[in-house]
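Before any comments, here is the structure.
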Amino acid sequence: MVRKPKILFEVKVAAVKDYLNGEKSVTKISDELSVNPSTVAMWIRLYNARGEAGLLTKRKNTSYPKELKIEAVEEYLAGNGSLRDISLKYGLCSKRQLQNWIIKYNSHEEIKSSGSGGNQIMTKGRVTTLDERITIVEYCIENNKNYTVTGRKYEVSYQQVRNWVLKFEELGVDGLIDCRGKRKSKDQLSEIEKLKTEMKLLEAKNKRLEMENELLKKLEETEGWRY
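Going letter by letter, the sequence shown gives residues 0 to 226 in numbering that gives the first Met the number 0.
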């Protein structure tokens, strides 16, 4: 959607420079331009972070490459700035946008490039045994559903790992049994073995959920959702 600029770019630049040169206060500028003081303050922050380019009006919804998203998230997690600082540096519309990326990053949900469908890092799939699938799902769940890392570690595809985790969550261990073909599957477990395996995988899932909840609490305690 096209955004209609309310204040011309040149006017914003002049206003910010007037403030930085000590010629006008935020209140005086906001009165003259009939805008909220917080808007003027935002112009100043954008200018300080990105120069005049930060004051350009975006004509369409911005697309962000996957690499930029990861770079912004890792910079925040490294303690190189607050949500606001990092958002301004990378030209994001709000802190919430960065916060959503952080949540995806920490839960190891695949981060994609905006507007292009994204690019997932894939490893070629292969045939696996039931024991392998159980081990892979357990590792993936314990590591916050990091499908990419799990796929690389066990030399299977991102999609295979994701499908196995989803099948386990829907059907339990039965979802990991390959029933294709007419011959009797060798992937069989006794009821006791099945229960033990399901308990082990559920414990890993609960651990992941606890970690996600802790992350959300931490973000909510330290930062606001919006500017």
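Note that the Cβ used here is the ideal one computed from N, Cα and C, for glycine as well.
Since the structure is predicted, the reported quantities are computational estimates derived from the model, not experimental observations.
Residue i in three-state terms, based on DSSP
i    : result
I140 : helix
S86  : helix
L67  : helix
D17  : helix
A48  : helix
G124 : coil
K11  : helix
K185 : Residue confidence for K185 is low, a pLDDT of 41 falling below 50, so the modelled location carries little weight and cannot support an answer.
G80  : coil
E22  : coil
I176 : coil
I101 : helix
N35  : coil
L201 : helix
G117 : Below a pLDDT of 50, predicted positions are generally treated as unreliable, and G117, at 42, falls in that range; the measurement from the model is reported next regardless. It is coil, neither helix nor strand.
K195 : helix
K94  : helix
I43  : helix
I6   : coil
Distance between beta carbons of residue j and residue i, contact taken as under 8 Å
i    : j    : result
V164 : V126 : Not confirmed; about 18 Å, so no contact.
L129 : L175 : 6 Å
L97  : R44  : So it is not a contact: roughly 15 Å between Cβ atoms.
G124 : V148 : Going by Cβ atoms, the distance from G124 to V148 rounds to 16 Å, so no, they are not a contact pair.
Y75  : I101 : 6 Å
T196 : V172 : 5 Å
V12  : L32  : Contact flag wrong, Cβ pair sits at about 13 Å.
K94  : R83  : 6 Å
W42  : L54  : 6 Å
Residue i - containing alpha helix (DSSP H), residue span
i    : result
T128 : Taken as a continuous stretch (DSSP letters only), T128 belongs to no alpha helix (DSSP H), as it is neither H nor E.
E31  : 25–32
L54  : Careful: L54 lies outside any alpha helix (DSSP H) and carries neither H nor E.
L165 : 157–170
G150 : 146–153
Contact with chain C by residue i, beta-carbon distance below 8 Å
i   : result
R44 : Considering every chain present, this structure includes no chain C. It has just one protein chain.
Three or more C-beta pairs under 8 Å: does that hold for the region 46–55 against the region 8–16? Segments in contact, yes.
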